[in-house]
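Student: Okay, handing you the structure first.
Residue numbers (the working numbering): 12 to 135.
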């Protein structure tokens, strides 16, 4: 299973980590399938969510509304692909609201979602 590693998670600013930790609260998520936690042994009781593609998509959807993904048929010299991730608030379909577009370069959709989720968390 592919997921964002604990090391990658810990590279984010403390405030961004806090947003994810609150959203993926260990006690709340114990009853949901598919959530994997890495428990550190230095800080007993501290849990770091190992986030999957589906969990990151759900985070983005919950924070912004509907999500639409376009993979452009473009790759850079390092093999990264261009992903356009556009988030539409649910009310946009009723004629109100603005969409928000993220244009990211990433090796795969998991990394693209991670970059977008981190940007959203930084804005909170």
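Every residue gets a Cβ at the ideal spot worked out from N, C-alpha and C, and that includes glycine.
Note that the coordinates shown come from a computational prediction; the quantities given were computed from them, not determined experimentally.
1. Look up residue 112 in the DSSP assignment and give the residues it is bridged to.
2. If you reduce the DSSP assignment to three classes, tell me which class residue 82 lands in.
3. Ordered along the chain, which non-local residues of its own chain (more than five positions away) have a Cβ less than 7 Å from that of residue 68?
4. Candidates 129, 75, 30 and 86: which alpha carbon is nearest residue 98's?
5. Could you give the distance in angstroms between the alpha-carbon of residue 114 and the alpha-carbon of residue 128?
Tutor: So, to answer that:
1. The residue labelled residue 112 in the question sits at position 101 within the chain shown. The partner list for residue 112 (beta bridge, DSSP) reads 97.
2. On the chain shown, residue 82 is found 71 positions in, with the first residue counted as 1. DSSP places residue 82 within a strand segment (E or B) once states are collapsed to three.
3. Stepping through the chain shown from its first residue, residue 68 is reached at position 57. So the list reads 78 and 124, once near-sequence residues are dropped.
4. If you number the chain shown from 1, residue 98 lands on position 87. Residue 75 is the option with its Cα nearest to residue 98.
5. Here residue 114 refers to the residue found at position 103 when the chain shown is read from its first residue. Here residue 128 refers to the residue found at position 117 when the chain shown is read from its first residue. As the crow flies, the alpha-carbon of residue 114 is around 12 Å from that of residue 128.
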